[in-house]
Amino acid sequence: MNNLFQFTDLIAILPQIILITGALLILFCQIVLPRGRVDAAVFISGVSAILALAISLFGLESSVLESIFGGAASSIKYPGFLDEITRLTKIYAFSGHTFWNPFASIYSFAILCCLTFVILMAPKILKELDLNLSEAYQMMLYVGAGLLFFISANDLMTIFISLELSSLPLFVLAAWDRKSKSSNEAGIKYFLLGVFSAAFFLLGTAFLYGATGTMNLLDISALVNENSKMTSETISMVIGGILLIMVGIGFKVAVFPFHAWVPDVYEGSITIVTALMGSLVKIGAVAVFFKIMLLVAKPFAQYLMPAVVIFSVLSMFYGNYTALLQENIKRMFAFSSIAHAGYMASMFYIPDTSKEGYMIHPETSAALFFYVFGYALTTVLVFGTIAYLEKDKPVTFESLKGLSKTNPISAFLLALSALSFAGIPPMIGFFGKFYILRVLLKSDQVFLALMVTINSLIGIYYYARVLFYTYWDFDKEEGTLKTKAFRSAGSWASGIILSLAVLILGFLSDPIFRQALSASYSFR
Amino acid sequence: MNGAEIPVSYVIVLTLLLFSIGMLGVLTRKNIIVIFMSVEIMLNSVNLLFVAFSRFWNDLSGEMAVFFVMAIAAAEAAIGLALVISLHRKFHTVDITEIKELKN
Numbered sequence: 001m002n003n004l005f006q007f008t009d010l011i012a013i014l015p016q017i018i019l020i021t022g023a024l025l026i027l028f029c030q031i032v033l034p035r036g037r038v039d040a041a042v043f044i045s046g047v048s049a050i051l052a053l054a055i056s057l058f059g060l061e062s063s064v065l066e067s068i069f070g071g072a073a074s075s076i077k078y079p080g081f082l083d084e085i086t087r088l089t090k091i092y093a094f095s096g097h098t099f100w101n102p103f104a105s106i107y108s109f110a111i112l113c114c115l116t117f118v119i120l121m122a123p124k125i126l127k128e129l130d131l132n133l134s135e136a137y138q139m140m141l142y143v144g145a146g147l148l149f150f151i152s153a154n155d156l157m158t159i160f161i162s163l164e165l166s167s168l169p170l171f172v173l174a175a176w177d178r179k180s181k182s183s184n185e186a187g188i189k190y191f192l193l194g195v196f197s198a199a200f201f202l203l204g205t206a207f208l209y210g211a212t213g214t215m216n217l218l219d220i221s222a223l224v225n226e227n228s229k230m231t232s233e234t235i236s237m238v239i240g241g242i243l244l245i246m247v248g249i250g251f252k253v254a255v256f257p258f259h260a261w262v263p264d265v266y267e268g269s270i271t272i273v274t275a276l277m278g279s280l281v282k283i284g285a286v287a288v289f290f291k292i293m294l295l296v297a298k299p300f301a302q303y304l305m306p307a308v309v310i311f312s313v314l315s316m317f318y319g320n321y322t323a324l325l326q327e328n329i330k331r332m333f334a335f336s337s338i339a340h341a342g343y344m345a346s347m348f349y350i351p352d353t354s355k356e357g358y359m360i361h362p363e364t365s366a367a368l369f370f371y372v373f374g375y376a377l378t379t380v381l382v383f384g385t386i387a388y389l390e391k392d393k394p395v396t397f398e399s400l401k402g403l404s405k406t407n408p409i410s411a412f413l414l415a416l417s418a419l420s421f422a423g424i425p426p427m428i429g430f431f432g433k434f435y436i437l438r439v440l441l442k443s444d445q446v447f448l449a450l451m452v453t454i455n456s457l458i459g460i461y462y463y464a465r466v467l468f469y470t471y472w473d474f475d476k477e478e479g480t481l482k483t484k485a486f487r488s489a490g491s492w493a494s495g496i497i498l499s500l501a502v503l504i505l506g507f508l509s510d511p512i513f514r515q516a517l518s519a520s521y522s523f524r
Numbered sequence: 001m002n003g004a005e006i007p008v009s010y011v012i013v014l015t016l017l018l019f020s021i022g023m024l025g026v027l028t029r030k031n032i033i034v035i036f037m038s039v040e041i042m043l044n045s046v047n048l049l050f051v052a053f054s055r056f057w058n059d060l061s062g063e064m065a066v067f068f069v070m071a072i073a074a075a076e077a078a079i080g081l082a083l084v085i086s087l088h089r090k091f092h093t094v095d096i097t098e099i100k101e102l103k104n
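Top to bottom, those sequences are chains R and G. Okay, so the first sequence: first residue is 1 according to the numbering used here, each after it adds one. Okay, so the second sequence: first residue is 1 according to the numbering used here, each after it adds one.
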């Protein structure tokens, strides 16, 4: 890194550049085009999301990276095990502030998939709600770009700024429905808790900086893994810093003690924005949580492990218990997302006790990715379906009665995604849970594996309720919800692709799992 | 420079005090704008810590962080106050306990 800036730096952030250029073009169109600016915004946002998606695919192939970056990528040829953290991919950009490696690529790919599907579904819904302003698409692109920076950042300050870049547009989107009181309330609640958690994240950042003297995540990782350079003071500062960062990102992942905003915000926002929040933000936050734990947690595993177990187990039980009590479908899925955050959190740092010392199993990252990817796709599908299902008032279990007769497609998609969430084979959710359980058992974490299993069983009850109400014959000719499923071509397309993905992707899990597995070596 | 510099541990204690004051403000106050001001206290206390560590390590990245945090706090204020105005039009109050359209 002799030069301050190289041309290849720009290639490393190409997807982000495309998304932000798209957002700025939308802004430009607002000034230039007197009318038809919303259509232009839909077109531009769709094209830039798909373009960025295509480019993020190139990042999955390390040979492509190598040809661009001239052999620099050769160190990602998956050597040894996790303790060799200092041997890393050399695709730094901007003096080590961001990097592009397979880890960032697979998560970018997942984020951009979900972003594309949400953008395809959004226009018709927003038009029907009379909220179809071009700024909505601009905000969605900013969220996507912020999250891409978030996962590819290698510097604590860059992580903080991209966290804010992805949060601030979401605060606006949560309060997008100006006419509705509940949307306003959702916006302000999300804003206050989001800013509050960002302050915790920042304090953690400051402590890590104070203990190590650098903000570069890899440098911090190299320093904390070298025991000789750590005094007891710096160790306590690093542990405090990591815990505070865990609190900050825990708000975004929505694990148990920091979940308070989830139900209200998910319920209050318009449903298509809920799809965006439930999928994109979850992927980004989980990726960064895992990255930080992977890089800095190893020497302190004995202190941090209890925190991770508490987060995980309490989230599962709390989410599942409260989801049992809900009558509103959106709220039910919101609470169940807390339970899913618990399953994901079980992967955050589990030392492999079958090996010497505190190492984590190499399959952890791949299992986590597969679970998060499947969860996010199913979330977009379920909230997209609900968005087209609801009219004027929220969807409750009561109103789902007889849905299979009046709206068989929506009923099928709701049932499909409920089954996937519950973890019924052959849906993608089953394979996610399978990989998580496999990693937990391989690394001798029987307690966590047991908790995941018990909670999956509890979860089946309320997911089966969705099936029960939609398909059970209640001696009624017609259901009360008379809306048609997916009333536009774009939403049909994304609905079909998503449902196929939820159905089939599990069988194709092997290549994805391999890809994710090779990506987990990015940090070695 | 004479030898009497303030040790960095003093600044850590001061920061934690200020941060706790801000945190207590967020948790106990009811007015949304006051809650938001408390969050600003938290952010500014962290700024203080960044500057202290920056001096301790003779490293400029901590001081740069302060500028970024200040810019982000301004962006947050812009969006937050806009949200509060929109909220006030609907609810005619900025008291967080009276805003309970969504059931808890």
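Ideal Cβ placement from N, Cα and C applies to all residues, glycine included.
Quick check on V84 of chain G: buried or exposed, where buried means 16 or more other Cβ atoms within 10 Å of its Cβ? buried
Check this for me: beta carbons of T378 of chain R and E327 of chain R, under 8 Å apart or not? no
Are at least three pairs of beta-carbons, each pair with one atom in the region 220-233 of chain R and one in the region 187-200 of chain R, less than 8 Å apart? no
Let me know if F160 of chain R comes out buried or exposed under the rule of 16 or more other beta-carbons within 10 Å of its beta-carbon. buried
If you scan the region 254-298 of chain R from start to end, which runs of the alpha helix (DSSP H) of 4 or more residues do you find wholly inside it? 261-268, 271-276, 282-296
Own chain, CB closer than 6 Å to M609 of chain R, minus 5 neighbours either side, in chain order: Since the first and last residues shown for chain R are 1 and 524, residue 609 of chain R lies out of range.
Please name the residue, chosen from R:L403, R:A339, R:Y137, R:E267, that lies closest to I454 of chain R on a Cα-to-Cα basis. R:A339
Three-state secondary structure assigned by DSSP to S75 of chain R: Reliability fails at S75 of chain R, whose pLDDT of 41 lies under 50, so the model's placement of it is uncertain and no value is given.
Along chain B, which residues have their Cβ under 8 Å away from the Cβ of V247 of chain R? In the structure shown, chain B does not exist; the protein chains are R and G.
Residues that DSSP places opposite D155 of chain R in a beta bridge: R:N216
Determine the direct distance from the alpha carbon of I220 of chain R to that of F311 of chain R, and round the result to whole angstroms. 25 Å
Beta-carbon gap between L193 of chain R and Q16 of chain R smaller than 8 Å: no
In chain order, what residues of the same chain have a beta carbon less than 7 Å from the beta carbon of A287 of chain R, not counting five sequence neighbours either side? Y107, I151
Limits of the unbroken alpha helix (DSSP H) element including R37 of chain R: 37-58
Measure from the alpha carbon of V195 of chain R to the alpha carbon of each residue in G:S86, G:L18, G:I72, G:H88, then state which is nearest. G:I72
What did DSSP end up calling I6 of chain G once you bin it into helix, strand or coil? coil
Given a threshold of 16 other Cβ atoms within 10 Å of its Cβ, counted over all protein chains shown, does P257 of chain R qualify as buried or as exposed? exposed
Check whether chain R comes within 8 Å of K30 of chain G, counting only Cβ atoms and requiring the distance to be less than that. no
Y10 of chain G versus Q6 of chain R: straight-line alpha-carbon distance, rounded: 42 Å
Looking at C-alpha atoms only, which residue of R:V466, R:I50, R:A367 is the closest neighbour of F538 of chain R? The displayed coordinates of chain R run from 1 to 524. Any statement about residue 538 of chain R would go beyond what the structure contains.
Neighbour list for Y209 of chain R in chain G, Cβ cutoff strictly below 9 Å: L49, F50, F53, S54, W57, D59, S61, G62, A65
Under the three-state DSSP convention, the category P351 of chain R falls into: strand
Starting from T396 of chain R, follow its DSSP beta bridges and name the residues at the other end. R:N328
Excluding the 5 residues preceding and the 5 following L295 of chain R in the sequence, name in chain order all residues of the same chain whose CB lies nearer than 6 Å to its CB. L217, S221
Among G:M70, G:I96, G:A52, G:G25, the one whose alpha carbon lies nearest that of Y209 of chain R: G:A52
To the nearest angstrom, how far is the alpha carbon of S228 of chain R from that of D510 of chain R? 41 Å
Mapping DSSP to helix, strand and coil, what is I424 of chain R? coil
For a cutoff of 8 Å on Cβ pairs, would you count K433 of chain R as touching chain G? no
Are L51 of chain R and I20 of chain R touching if we call contact CB-CB under 8 Å? no
Using only alpha-carbon positions, find the residue among R:G490, R:L419, R:G459, R:S183 that is nearest to L503 of chain R. R:L419
In angstroms, rounded to a whole number, what distance separates the CA positions of H259 of chain R and V32 of chain R? 43 Å
In this structure, how does DSSP classify N44 of chain G when only helix, strand and coil are distinguished? helix
Thinking C-beta only, is K282 of chain R closer than 8 Å to V382 of chain R? no
8 Å Cβ cutoff, A485 of chain R in contact with chain G: no
Would you mind listing the alpha helix (DSSP H) stretches within the region 24-78 of chain G that are 4+ residues and don't spill past its ends, in chain order? 32-57
Is there a C-beta anywhere in chain R that falls below 8 Å from the one on G25 of chain G? no
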